[in-house]
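**Student:** Per full-length UniProt numbering, residue 1 is the first one in the sequence shown, and the count goes up by one each step.
Quick reminder that beta carbons are idealized off the backbone N, C-alpha and C, glycines included.
Values in this document were obtained by computation on a predicted structure and should not be read as measured data.
One structure, as structure tokens, below. Some questions next.
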Amino acid sequence: MTKKKKKKKKNNTVIIETLLNWGRENGIRTHPNVAIQQRIIKNGDEDDEEDERGIFYVRLDDERDDVNDVNDATMTTTETLVSIPEKALLCVPRRRTETVTKGLEEEEDDSLCEILLRETKKNTKNNNNESGGSFWSAYLRTLPNEYDLLELWTDEEIEMLQVDAAKASARELRGKVSASYDRQCKKTKNAGIFFTRAEWAYAKATVRSRTVSVPWSSAGALAPIGDMFNYAPVGGFLGGDDDDNGNFCNGDEKEDGCVPVGTGAWNANENAFEFQGTLPKKFSPTTRSFELFMNYGAYTNLELLSLYGFHCGENNPNDVIVLDVPLITTQTTEYHAKVIATSGALTFESERDLRLEYAVLTSYESYSDKRAQRAHASAQRHSFSAFASRGEKLSDASEHNFCTAIRDAAGRALLSFATTAKQDCESLEHLKNSSANTEKDTNARATRRRRTKLAVEYRLAVKRALQKTYRMYEKRMNALII
């Protein structure tokens, strides 16, 4: 299971302590039990500490170990985990008016990128010394050296995704970054300000993946300390998932071992952005710490890859796959059905629409006159729509045709990929077995390895969803007696 990963090669205790001290000096408040810790990811046969961090809840030494009441152990309380005042946020300054237009959104996003790069260059010129450097020096040193957002992938890496929608999204995002850079060059060419295309792409990726929402700027704000929370969908991860292969909870916060996820929002009364989470009031004797996660929103795997450079694999409860289903009536069209990835079933809306269309199609197939077909289809669509909306059976023949169409569409989609699910599993196993030699990798090879793994896991999740769809609708089709 892939959670949000923030790769930071400059990860050491001194840098973290410097950031925490800077935060305290500038009004950032953290819960007494909150700590930034290294995450251990198991690669191959050995424990390999990757440069990833997260925010953990750590029980203090003087806190009670015993839990006398089972009910007390399951009681929870909502706490503010991290609170970041406006002055500590790296953001575009407030405007007199907060009216946002599309042009202003682009302008503010570009402005925040420029601010970030200016502050970064202050650090570079001062050799990362705090005196004379950026106000946010302690924070800037914790940022990743690179990102895995789709817009930064090479053409070859994009092709490894295999899914047309994902490849198109990557190229569209890359085009937007390029257009943004061109805008910035025109804006600053007479001001003696110059950023390379690579620097601008890095700034764009930082702003895109790490900002939080604030009321005065559509670009959002970079939140020191707060942006170290890793992601989990609503429901959270099962606790103790240190091997990167765990499962999501089913959404029930009382589930044994499930760590609920928190949320973040601007608190106007405190003039601060706050990250809040649900914590148990008491702990069992064996619980010393657990990682705290934030939910950024109900995103599909493709959206997560586009926005943050990671995805949640096969068990993302929010993932939806688009399946093209042909509709042959008076003309051939395609319906873009939405498939729930975890189950393989169509969404209610897609199933309703397609069941209705196939019921109408079945009812007028005997009409040879096109005008009569259209008139009959209109009447039948009106007649069947209420039944389809309630999920009621329309006719055995139409249901059979509908299930056959979905099964066949899923089969065609699976056959369209360059590799099979089995081959993808073998590729992942090869990557896992060869990870013991990663210390010999150059930065470029390490990046390629990461993105290859992301691409293979992403396309495998799509194929697993389509396999479920194929089996589900074939079973429904075979259950119908025609």
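1. Buried or exposed for Ser218, going by 16 or more other Cβ atoms inside 10 Å?
2. Near Val70, what residues of its chain come up, given a Cβ to Cβ distance below 8 Å and the 5 sequence neighbours on each side ignored?
3. Nearest CA to the CA of Asn318: which residue from Asp324, Ser343, Ala337, Gly309?
4. Rounded C-beta distance between Gln184 and Glu114? I'm assuming under 8 Å.
5. May I ask which residues mark the beginning and end of the alpha helix (DSSP H) holding Val207?
6. Measuring only the C-alpha atoms, how far is Lys422 from Thr124?
7. Do Thr120 and Leu140 count as a contact pair if the criterion is CB distance below 7 Å?
8. At the level of alpha carbons, what is the spacing between Gly27 and Lys468?
9. Taking the alpha carbon of Arg210 as the reference point, which residue from Trp200, Ala223, Ala198, Glu199 has its own alpha carbon closest?
10. How far does the alpha helix (DSSP H) with Arg94 in it reach, from first residue to last?
11. Return the residue from the list Ala345, Arg29, Phe56 that minimises the CA-CA distance to Ile36.
12. Would DSSP call Gly297 helix, strand or coil?
13. Is it right to say Gly192 is buried, meaning 16 or more other beta carbons lie within 10 angstroms of its own, or is it exposed?
14. Report yes if the C-beta distance between Val214 and Gly264 is below 7 Å; otherwise report no.
15. What is the DSSP secondary structure of Gly226, reduced to helix, strand or coil?
16. Helix or strand or just coil, what does DSSP make of Gly175?
17. Given Thr419, which residues of its chain have a CB within under 8 Å of its CB, disregarding the five upstream and five downstream residues?
18. The beta strand (DSSP E) with Thr469 in it runs from where to where?
19. When the distance is taken between beta carbons, is Val207 closer than 7 Å to Ala232?
20. Below 8 Å, can you find three or more Cβ-Cβ pairs linking the segment 468-482 to the segment 394-403?
21. I need the straight-line Cα distance from Phe348 to Pro326, nearest angstrom please.
22. If distances are taken between C-alpha atoms only, which option among Phe293, Ile15, Asp353 comes closest to Ala138?
23. Within 10 angstroms of the Cβ of Ile158, are there 16 or more other Cβ atoms? Answer buried if so, exposed if not.
24. Kindly give me the distance between the Cβ atoms of Leu279 and Thr77, rounded to whole angstroms, as I take these residues to be in contact under 8 Å.
25. Out of Arg174, Leu302, Ala341, Val360, which one is the CA nearest neighbour of Met472?
26. Can you give the beta carbon distance from Phe293 to Gly226, rounded, assuming they're within the 8 Å contact cut?
27. List the endpoints of the continuous alpha helix (DSSP H) containing Arg24.
28. By how many angstroms is the C-alpha of Thr154 removed from the C-alpha of Asp324?
29. I'd like to check one pair, Lys453 with Leu431: are the Cβ atoms closer than 7 Å?
30. Which term fits Pro93, buried or exposed, when burial requires 16 or more other beta carbons within 10 angstroms of its beta carbon?
31. What do you get for Asn295, buried or exposed, if any count of 16 or more other CB atoms within 10 angstroms of its CB means buried?
32. Hey, quick one: how far does the alpha helix (DSSP H) through residue 483 stretch, first residue to last?
33. Compare the C-beta of Lys432 against all C-beta atoms of chain C and say whether one is closer than 7 Å.
34. Applying the 10 Å Cβ sphere with the 16-neighbour rule, what's the burial state of Asp396?
35. CA-CA distance, Ala201 and Leu173?
36. Locate the beta strand (DSSP E) running through Tyr57, then write down its first and last residues.
**Tutor:** This is what the structure gives:
1. On the sequence shown, residue 218 is found 218 positions in, with the first residue counted as 1. If you draw a 10 Å sphere on the C-beta of Ser218, you find 16 or more other C-beta atoms in it, and that means buried.
2. Numbered from 1 along the sequence shown, position 70 holds the residue referred to as residue 70. Unreliable positioning characterises Val70 in this predicted model, as indicated by a pLDDT of 43, which lies under 50. The coordinate reading is nonetheless provided below. Excluding residues within five positions, none has a Cβ falling inside 8 Å.
3. Numbered from 1 along the sequence shown, position 318 holds the residue referred to as residue 318. The option with the nearest alpha carbon to Asn318 is Ser343.
4. As a position in the sequence shown, residue 184 is number 184, starting the count at 1. As a position in the sequence shown, residue 114 is number 114, starting the count at 1. Gln184 to Glu114, Cβ: 7 Å. Contact.
5. Position 207 of the sequence shown, counting from 1, holds the residue named residue 207. For Val207, the uninterrupted alpha helix (DSSP H) segment begins and ends at 197-210.
6. Locating residue 422 in the sequence shown gives position 422, where the first residue counts as 1. Locating residue 124 in the sequence shown gives position 124, where the first residue counts as 1. One C-alpha to the other measures close to 48 Å.
7. Here residue 140 is taken as the residue at index 140 of the sequence shown, counted from 1. Here residue 120 is taken as the residue at index 120 of the sequence shown, counted from 1. Yes; because the gap between Cβ atoms is below 7 Å, this pair is in contact.
8. Within the sequence shown, residue 27 is the residue found at index 27, counting from 1. Within the sequence shown, residue 468 is the residue found at index 468, counting from 1. Cα-Cα distance, rounded: 51 Å.
9. As a first step, residue 210 is located in the sequence shown; it is residue number 210 there, counting from the start. Closest by C-alpha distance to Arg210, out of Trp200, Ala223, Ala198, Glu199, is Ala223.
10. What you label residue 94 is simply residue 94 of the sequence shown in a count that begins at 1. Neither: Arg94 is in no alpha helix (DSSP H) and is coded neither H nor E.
11. Stepping through the sequence shown from its first residue, residue 36 is reached at position 36. Ile36 has its Cα closest to that of Phe56, out of Ala345, Arg29, Phe56.
12. Counted from its first residue, the sequence shown places residue 297 at position 297. Reduced to three states, the DSSP call for Gly297 is coil.
13. As a first step, residue 192 must be located in the sequence shown, where it is residue number 192. The residue in question, Gly192, is exposed, as its Cβ has fewer than 16 Cβ neighbours within 10 Å.
14. Taking the first residue of the sequence shown as position 1, residue 214 is located at position 214. Taking the first residue of the sequence shown as position 1, residue 264 is located at position 264. Not closer than 7 Å, so no.
15. Within the sequence shown, the letter at position 226 stands for residue 226. Residue state, collapsed to three classes: helix.
16. Sequence index remark: in the sequence shown, residue 175 carries index 175 (1-based). Note: Gly175 maps to helix in three-state DSSP.
17. Within the sequence shown, numbered from 1, the residue matching residue 419 stands at position 419. Same-chain partners within the cutoff: Gln162, Ser427, Arg459.
18. If you number the sequence shown from 1, residue 469 lands on position 469. Thr469 -> not in any beta strand (DSSP E); alpha helix (DSSP H) instead, spanning 443-479.
19. Walking along the sequence shown from the start, residue 232 turns up at place 232. Walking along the sequence shown from the start, residue 207 turns up at place 207. Contact: no.
20. yes
21. Residue numbering aside, residue 348 sits at position 348 when the sequence shown is read from its first letter. Residue numbering aside, residue 326 sits at position 326 when the sequence shown is read from its first letter. Between Phe348 and Pro326, the C-alpha separation is close to 18 Å.
22. Within the sequence shown, numbered from 1, the residue matching residue 138 stands at position 138. The candidate whose alpha carbon is nearest that of Ala138 is Ile15.
23. Position 158 of the sequence shown holds residue 158. By the 10 Å Cβ count, Ile158 comes out buried.
24. In the sequence shown, counting from the first residue as 1, residue 279 sits at position 279. In the sequence shown, counting from the first residue as 1, residue 77 sits at position 77. So it is a contact: roughly 6 Å between Cβ atoms.
25. As a working note, residue 472 is residue 472 in the sequence shown. The candidate whose alpha carbon is nearest that of Met472 is Ala341.
26. In the sequence shown, the residue the question calls residue 293 occupies position 293. In the sequence shown, the residue the question calls residue 226 occupies position 226. Going by Cβ atoms, the distance from Phe293 to Gly226 rounds to 13 Å, so no, they are not a contact pair.
27. Working through the sequence shown from its first residue, we reach residue 24 at position 24. Run containing Arg24: 13-25, per the alpha helix (DSSP H) assignment.
28. If you number the sequence shown from 1, residue 324 lands on position 324. If you number the sequence shown from 1, residue 154 lands on position 154. Within the model, the alpha-carbon separation for Asp324 versus Thr154 is close to 27 Å.
29. Here residue 431 refers to the residue found at position 431 of the sequence shown. Here residue 453 refers to the residue found at position 453 of the sequence shown. Contact: yes.
30. Walking along the sequence shown from the start, residue 93 turns up at place 93. Per the 10 Å Cβ criterion, exposed.
31. Walking along the sequence shown from the start, residue 295 turns up at place 295. Around the Cβ of Asn295, a 10 Å sphere holds 16 or more other Cβ atoms; the residue is buried.
32. Examination of residue 483 is not possible in this model, given that the chain is present from 1 through 482 alone.
33. In the structure shown, chain C does not exist; there is a single protein chain.
34. Stepping through the sequence shown from its first residue, residue 396 is reached at position 396. Result: exposed.
35. Position 201 of the sequence shown, counted from the first residue, corresponds to residue 201. Position 173 of the sequence shown, counted from the first residue, corresponds to residue 173. Rounded to the nearest angstrom, the two C-alpha atoms are 11 Å apart.
36. Reading the sequence shown from its first residue, position 57 is the one you call residue 57. First-last of the beta strand (DSSP E) with Tyr57: 53-58.
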